[in-house]
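Novice:
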Amino acid sequence: MSVEFENAWYDLNLRLRELESSAGLAAALHELETHHLNSGFIANSLHEIERRTFYHPHNSERYFRVQYNPRRALRFAGSDRNGTQMPVGEKGCFLCRDNIEWQQQGAQLGYRVETGERSYYALTNPFPILPSHIVIASTEHHTQDWRFRDENGLDIADLIDDLVRLADRMPGHLGFYNGVDGGASIPTHLHLQFVQRPDNATRFPLEVAARAVGGSAGTDGPSFVEHYPLDVAVWVGAPDDVVARASRWLTHWSDRNRVRLDKLSANIIASRDIGAEELALYFVARDRAKPRAEGFSGLAGGLEVLGELVMSSADEKDRLDDGSIGYFDIEAALASLRVSLDEG
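Quick note on the working numbering: the sequence shown kicks off at 529 and runs consecutively.
Here you go:
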């Protein structure tokens, strides 16, 4: 890496560290995004996104959303901010710091984030799905797979701990872990994603369904969301409590389901509202053979699990415009991803 790149990285991290100390991690990451908007590395493409809500015909409290986001299709090519194909080399990993300078011609910088025992680089996502879309990538090149399947993967308790701790430090944001074949577009490098909750947006469909059953605060196990097309376990409480209860339950769950773990992945979501003392953690098991919701071309990840499906192709836009997509179509698409949590 060049001296100029190292100096620019160091100077930005020094400035963001001071901001985090005074205003919190969310403020530092917002400034990271602003830096890249000003430098031209990312463009404010959120205005290109079209979001539509589809209500149940007999119950307005039940709904799903669709997001048409044409730029999301570019991310599979490993494109730069202008959509130009970048050379592939050095394992082709777009999240390793050693590759970032030559891949992005020095335009992208990251911010080091510590979670205790592990460290990450925060990187702006050039193909955002929601405001302040940040990728939190491990400083070490580790697989995105969990240790149930790959001995080099992250232990589930460590994964839960990092996701919850980061969510607690970023109120008003949503944090995702998308497993391999569960929405991860870069499965070879461990990373989380965080987005800011849109201003004036209603709750995501999963959040609405989860509130109807509570969150199991003070009990050992999770609550299970009802009247939703996916099997979802949810914990609500103080960060330490959620980490302990979720890690314990998932360890037991993995023991009971060991015969099928090789075929499973997961989506894990964490969020804390601004001003709230408690946070929520959601767990959904995924079938590795079904990375996409039936009838939709994009990888299904945490946002889809929350009840908002992302579309990026021209064909999908035509279906959206001609009325071919409705509430029950989205419900069926999500149901096609369902994996029972009870087996074993």
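All C-beta atoms, glycine included, are put in the ideal place defined by N, C-alpha and C.
If we count the other Cβ atoms within 10 Å of its Cβ and call it buried at 16 or more, is histidine 558 buried or exposed?
Specialist: Position 30 of the sequence shown, counted from the first residue, corresponds to residue 558. Its Cβ being crowded by 16 or more others within 10 Å, histidine 558 is buried.
Novice: Sort Val867, Gln632, Ser868 and Asp673 by Cα distance to valine 708 and report the nearest one.
Specialist: What you label residue 708 is simply residue 180 of the sequence shown in a count that begins at 1. The residue with the shortest Cα to Cα distance from valine 708 is Asp673.
Novice: Please classify glutamate 836: does DSSP put it in a helix, a strand, or coil?
Specialist: On the sequence shown, position 308 is the one that residue 836 refers to. Residue state, collapsed to three classes: strand.
Novice: Would you list the one or two residues that DSSP bridges to asparagine 587?
Specialist: Reading the sequence shown from its first residue, position 59 is the one you call residue 587. The partner list for asparagine 587 (beta bridge, DSSP) reads His584.
Novice: Quick one: what's valine 764 bridged to in DSSP?
Specialist: Here residue 764 refers to the residue found at position 236 when the sequence shown is read from its first residue. Its beta-bridge partners are Ala808.
Novice: Here's the rule: buried if 16 or more other CB atoms are within 10 angstroms of the residue's CB, otherwise exposed. What is aspartate 696?
Specialist: By 1-based counting over the sequence shown, the position of residue 696 is 168. With 16 or more Cβ atoms within 10 Å of its Cβ, aspartate 696 is classed as buried.
Novice: So, under 8 Å CB-CB, isoleucine 858 and valine 594 are touching, yes? Tell me the CB distance rounded to an integer number of Å.
Specialist: Counted from its first residue, the sequence shown places residue 858 at position 330. Counted from its first residue, the sequence shown places residue 594 at position 66. Contact flag correct, Cβ pair sits at about 7 Å.
Novice: Using alpha carbons as the reference points, say which of Glu822, Leu837, Leu718 and His755 lies closest to isoleucine 684.
Specialist: In the sequence shown, the residue the question calls residue 684 occupies position 156. Comparing Cα-Cα distances from isoleucine 684 to each of Glu822, Leu837, Leu718 and His755, the minimum goes to Leu718.
Novice: Using only alpha-carbon positions, find the residue among Gly854, Ala860, Ser864 and Leu862 that is nearest to tyrosine 583.
Specialist: Stepping through the sequence shown from its first residue, residue 583 is reached at position 55. Answer by Cα proximity: Gly854.
Novice: Can you name, in chain order, every residue of its own chain whose Cβ lies under 7 Å from the Cβ of arginine 866, other than the five neighbours on each side?
Specialist: By 1-based counting over the sequence shown, the position of residue 866 is 338. Only Pro757, Leu758 and Asp759 meet the Cβ criterion.
Novice: Can you grab the Cα-Cα spacing for the pair aspartate 849 / leucine 602, in whole Å?
Specialist: For the purposes of this step, residue 849 is identified with residue 321 of the sequence shown, where counting begins at 1. For the purposes of this step, residue 602 is identified with residue 74 of the sequence shown, where counting begins at 1. The alpha-carbon atoms of aspartate 849 and leucine 602 are separated by roughly 22 Å.
Novice: I'd like the span of the beta strand (DSSP E) that includes tyrosine 648, first residue to last.
Specialist: The residue given as residue 648 occupies position 120 in the sequence shown. Tyrosine 648 -> beta strand (DSSP E) spans 647-652.
Novice: So the candidates are Cys624, His661 and Glu806; which of them puts its Cα closest to the Cα of glycine 514?
Specialist: With the chain covering only 529 through 872, there is no way to say anything about residue 514.
Novice: Who does glycine 634 pair with in a DSSP beta bridge?
Specialist: Residue 634 sits at position 106 when you count from the first residue of the sequence shown. Bridge partners of glycine 634: none, in fact.
Novice: Buried or exposed for methionine 529, please, with buried defined as at least 16 other CB atoms from any protein chain shown within 10 angstroms of its CB.
Specialist: Within the sequence shown, residue 529 is the residue found at index 1, counting from 1. Counting Cβ neighbours within 10 Å, methionine 529 comes out exposed, since fewer than 16 surround it.
Novice: Could you tell me how far apart the beta carbons of isoleucine 664 and alanine 650 are, in whole angstroms, since I believe they sit closer than 8 Å?
Specialist: Here the question's residue 664 lines up with position 136 in the sequence shown. Here the question's residue 650 lines up with position 122 in the sequence shown. So it is a contact: roughly 6 Å between Cβ atoms.
Novice: Going by DSSP, what residue range makes up the beta strand (DSSP E) through isoleucine 704?
Specialist: Walking along the sequence shown from the start, residue 704 turns up at place 176. Sequence inspection shows phenylalanine at residue 704; the isoleucine mentioned does not correspond to that position. It spans 701-706 - the beta strand (DSSP E) in which phenylalanine 704 sits, taken as one unbroken run.
Novice: The beta strand (DSSP E) that contains histidine 564, what's its start and end?
Specialist: The residue labelled residue 564 in the question sits at position 36 within the sequence shown. That residue, histidine 564, is in no beta strand (DSSP E); its alpha helix (DSSP H) goes 553-567.
Novice: Return the first residue and the last residue of the beta strand (DSSP E) that tyrosine 875 is part of.
Specialist: In this structure the chain extends from 529 to 872, so residue 875 is not present and cannot be described.
Novice: Determine the closest residue to arginine 646 out of Thr779, Leu720 and Asp768, with distance taken between C-alpha atoms.
Specialist: By one-based count along the sequence shown, residue 646 stands at place 118. Selected option, being the one with the closest Cα: Leu720.
Novice: Are there 16 or more other CB atoms within 10 angstroms of the CB of tyrosine 705, so buried, or fewer, so exposed?
Specialist: Along the sequence shown, one-based indexing puts residue 705 at 177. By the neighbour-count rule (16 or more Cβ atoms within 10 Å), tyrosine 705 is buried.
Novice: Among Phe856, Ser864, Ala863 and Leu869, which has the Cα closest to the Cα of asparagine 587?
Specialist: Taking the first residue of the sequence shown as position 1, residue 587 is located at position 59. Measuring from the Cα of asparagine 587, the nearest candidate turns out to be Phe856.
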